[in-house]
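Residue numbers (my numbering), protein chains in the order written: chain A, 2 to 254; chain B, 1176 to 1432. Think of the CB as a built atom: it goes at the ideal place given N, C-alpha and C, for glycine as much as any other residue. Here the structure comes first, spelled out in C-alpha cells, and everything after it is commentary.
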C-alpha cells in the first residue's frame, strides 16, 4: 500500500467519525447536551477566540508550564548527568529517585497547593515534578550509553576533562536528552491541566472545569481539543528535533 | 580486613542506596523536629508511621485500599480485554490501522484528564467515571504496544505458517499472540501504572473512599502525616501491581531473546 493511502484512509475515517457524530445528534439519537456536535464545537471555538478568552487563559497556563518546565530542565539535566556519569553518587541517589518517581505526581497536588500556594505556584510545581523525572532518567541513560572508548581516545590524545564533556559525552547523549524532554513535555502538560482543574477557574484547565460543571459541552470539547493540539504540537516539535539530531549523528559516523 | 572489603564491594549498591534513603529520612525528621521548616507543613517520618498505624486501626485503610484496587482492577482488565483485540486488528490489517491511528495517537498525546468533566456528564459522579478515566488512560497504551508487537513479527514466519495452511485461528493463537506477547506484556505493565494515575486523579476530584480521596481529604485539612501515609500506600500499590505483571512476564515471555 502506498504511503498516500495512509493519509486518505486516516483523513476519511476522521471525517466519517465527525459526520456520524453530527448526524446522530441532529437526528436526535444522542442528546446534544451530552456530546454536543462538531459544528457547535467549531462555533464555540470561534466565540472563545473572538472574546479573547482562549488567549488570556492560554497565557496563564503556559506561564506556569514554562516556569515549571524551565526548573525541570535546570535541575533535571545536571542531576541526570551526575547520576549517569559518577558511580557513587548514582548509587546513593538511585533508590531515592526511583522512590519519588513511583509516586504519581498528581497525588502530590494537595501538598503542593499548601506549599506553593493555589494558582501559579502549585501549577508550576506540579509541572516541575511531572517533567523532572523523564529528564533525569533519560539524561542518565544517555550519558551511560556513550561508548567509553571515545572517552579513552580523547584522553589518550591529551584531551582535557572539558573536551571529554563537550566533544563526547554531551553530543553523544543529546538525542536521549531530547527524548527525555519530549516525554517530560507530555507529562508537564498533563500536570498543568490537572493542577488547574484541581485548584481554580483560571487557565485552560480551570476553564475546562468551569464549563464542565455548567454542562456546556461545546465549549468543553473545544477547550479539550485546544489542549490536545497544544500537547501534540509540542511533542511533535521535540520529535522533529530528535530526528534532526539523529540524522546529524549518523552523518558524522 | 580483606573480607570486609569484598563484602562492601559486593553490596555496594545496596549499602549506598540504603544510606541515601536513611539519610534523607533522618534529614526530614531533624528538619521537622528542630523546626528548620514548618513541621505542620512538612510532617515527619515518625508522624507518617503513626498516621499509618491509626489509619489501619480505624479500619478505613482496608476500605480505601480495597476501593482503589477494585477500580484499578476493573479498569485494567476491561482495557486489556478491549485493547489487545483492537491492537491485533490494527496490527494485522493496514486499513484498520490507518483508520484508527489518528484516534489512538490523538488520545495518546492528549492530556486525558481534560476528559474528566465529560465523563462526569456521561456517567455521573462516582465510581463509573473514575473507572472510565482509568480505562482510557490504560487502553491507549495497550493498543499501541500490541500494534507494535504484531507489526514486529517476522513476515517470513507468517508466510511459512500460511503455506502450511494454518487457519486464521491457528495464526492468531500459535503465531501472533505468542510472538507479540513480550510487547503486549510490556504494554500491560506500563498501562497498569497509567490506570492507577487515572483512578487516583478521579478519586482526588471526587470520591468518598479510596487512596486518592484519603490524600485529598487530609490534604485539605493540613494533616500531612496522613497525606504522606496515603502516598506511601499508593506507591506500594503501584509497585506491587507492576511487579506482579513483571512476574507474569518472566513466566511467559522468558523464551524471547
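Amino acids of chain B, ordered along the chain, whose beta-carbon sits closer than 8 Å to that of residue i
i, result
"residue 213 of chain A", "1291, 1292, 1293, 1295 and 1296"
"residue 38 of chain A", "Residues of chain B passing the Cβ test: none, with the nearest at roughly 14 Å."
"residue 11 of chain A", "1273, 1274, 1276 and 1277"
Nonlocal neighbours in the same chain, by C-beta distance under 7 Å from residue i, ignoring five residues either side
i, result
"residue 136 of chain A", "73, 74, 77, 78, 81, 181, 182 and 185"
"residue 16 of chain A", "none"
"residue 1384 of chain B", "1238, 1239 and 1242"
"residue 67 of chain A", "none"
"residue 1397 of chain B", "1215"
"residue 33 of chain A", "26"
"residue 201 of chain A", "119, 120 and 207"
"residue 220 of chain A", "45, 49 and 212"
"residue 179 of chain A", "239, 242, 243 and 246"
Residue i burial status per 10 Å Cβ neighbour count (16 or more: buried)
i, result
"residue 1320 of chain B", "buried"
"residue 161 of chain A", "exposed"
"residue 1393 of chain B", "buried"
"residue 105 of chain A", "buried"
"residue 148 of chain A", "exposed"
"residue 1360 of chain B", "buried"
"residue 99 of chain A", "exposed"
"residue 1289 of chain B", "buried"
"residue 214 of chain A", "exposed"
"residue 1330 of chain B", "exposed"
"residue 205 of chain A", "buried"
"residue 259 of chain A", "This structure leaves residue 259 of chain A out entirely; chain A is present only between 2 and 254."
"residue 1343 of chain B", "exposed"
"residue 143 of chain A", "buried"
"residue 1425 of chain B", "exposed"
"residue 1201 of chain B", "exposed"
"residue 1260 of chain B", "exposed"
"residue 1371 of chain B", "buried"
"residue 1316 of chain B", "buried"
"residue 1210 of chain B", "exposed"
"residue 1418 of chain B", "exposed"
Residue i: contacting residues in chain A (beta-carbon distance under 8 Å)
i, result
"residue 1284 of chain B", "187, 229, 232, 233 and 236"
"residue 1402 of chain B", "111 and 112"
"residue 1410 of chain B", "100, 103 and 104"
"residue 1387 of chain B", "108"
Near the ligand MG: residue i beta-carbon under 7 Å from a heavy atom
i, result
"residue 1321 of chain B", "Absence of the ligand MG is noted for the structure shown, with no ligands found whatsoever."
Cutoff 6 Å; reference residue i; Cβ partners in own chain excluding five residues on either side
i, result
"residue 1287 of chain B", "1311 and 1312"
"residue 1306 of chain B", "1246, 1249 and 1250"
"residue 126 of chain A", "113 and 117"
"residue 1376 of chain B", "1288"
"residue 29 of chain A", "none"
"residue 190 of chain A", "232"
"residue 1363 of chain B", "1420"
"residue 1262 of chain B", "1318, 1321 and 1322"
"residue 129 of chain A", "69, 72 and 73"
"residue 12 of chain A", "none"
Close Cβ partners of residue i (< 8 Å) along its chain, the five nearest in sequence each way excluded
i, result
"residue 1336 of chain B", "1345, 1346, 1349 and 1350"
"residue 1176 of chain B", "Model confidence at residue 1176 of chain B stands at a pLDDT of 48, short of 50, so the residue's coordinates are unreliable and nothing is read from them."
Partners in chain B for residue i, counting only beta-carbon separations shorter than 7 Å
i, result
"residue 221 of chain A", "1292 and 1293"
"residue 210 of chain A", "1292"
"residue 191 of chain A", "1286 and 1288"
"residue 64 of chain A", "None at all; the shortest Cβ gap to chain B is about 17 Å."
Contacts of residue i in chain B (Cβ-Cβ under 9 Å)
i, result
"residue 1 of chain A", "Any property of residue 1 of chain A remains undetermined from this structure, which presents chain A solely from 2 to 254."
"residue 14 of chain A", "1273, 1274, 1275, 1276, 1277 and 1278"
"residue 158 of chain A", "Going along chain B, no residue has its Cβ under 9 Å from residue 158 of chain A, so there is no contact; the nearest lies around 32 Å."
"residue 68 of chain A", "Those within 9 Å of residue 68 of chain A in chain B number zero; the least Cβ separation is about 18 Å."
Per-residue contacts from residue i into chain A (C-beta, under 7 Å)
i, result
"residue 1376 of chain B", "107 and 195"
"residue 1187 of chain B", "92"
"residue 1399 of chain B", "112"
"residue 1270 of chain B", "10"
"residue 1358 of chain B", "Chain A residues near residue 1358 of chain B: none, gap ~19 Å exceeds 7 Å."
"residue 1195 of chain B", "93, 94, 96 and 97"
Partner residues on chain A for residue i, Cβ-Cβ distance less than 9 Å
i, result
"residue 1265 of chain B", "Under the 9 Å cutoff, chain A gives no residues; its nearest Cβ is about 12 Å from residue 1265 of chain B."
Cβ pair count under 8 Å reaching 3, the segment 16 to 35 of chain A against the segment 149 to 157 of chain A:
no
4 or more residues per run - each alpha helix (DSSP H) lying fully within the segment 10 to 56 of chain A:
33 to 36 and 39 to 51
Give a yes or no on contact between the segment 221 to 236 of chain A and the segment 191 to 210 of chain A, applying the rule of three or more CB pairs nearer than 8 Å.
yes
Counting only runs of 4+ residues fully inside the segment 1217 to 1285 of chain B, write out the alpha helix (DSSP H) ranges in chain order.
1220 to 1233, 1235 to 1267 and 1269 to 1284
How do the segment 1206 to 1224 of chain B and the segment 1268 to 1285 of chain B stand: do at least 3 beta-carbon pairs fall below 8 Å, yes or no?
no
Could you tell me which uninterrupted beta strand (DSSP E) segments, each at least 3 residues in length, are contained entirely in the segment 84 to 162 of chain A, listed from first to last along the chain?
none
Would you mind listing the alpha helix (DSSP H) stretches within the segment 1278 to 1337 of chain B that are 4+ residues and don't spill past its ends, in chain order?
1291 to 1298 and 1302 to 1326
Which parts of the segment 177 to 220 of chain A are runs of the alpha helix (DSSP H), unbroken and 4 residues or longer, counting only runs that do not cross its ends?
204 to 214
Using a Cβ-Cβ cut-off of less than 8 Å, list which residues of the segment 1300 to 1325 of chain B approach chain C; keep chain order.
Among the protein chains in the structure shown, which are A and B, there is no chain C.
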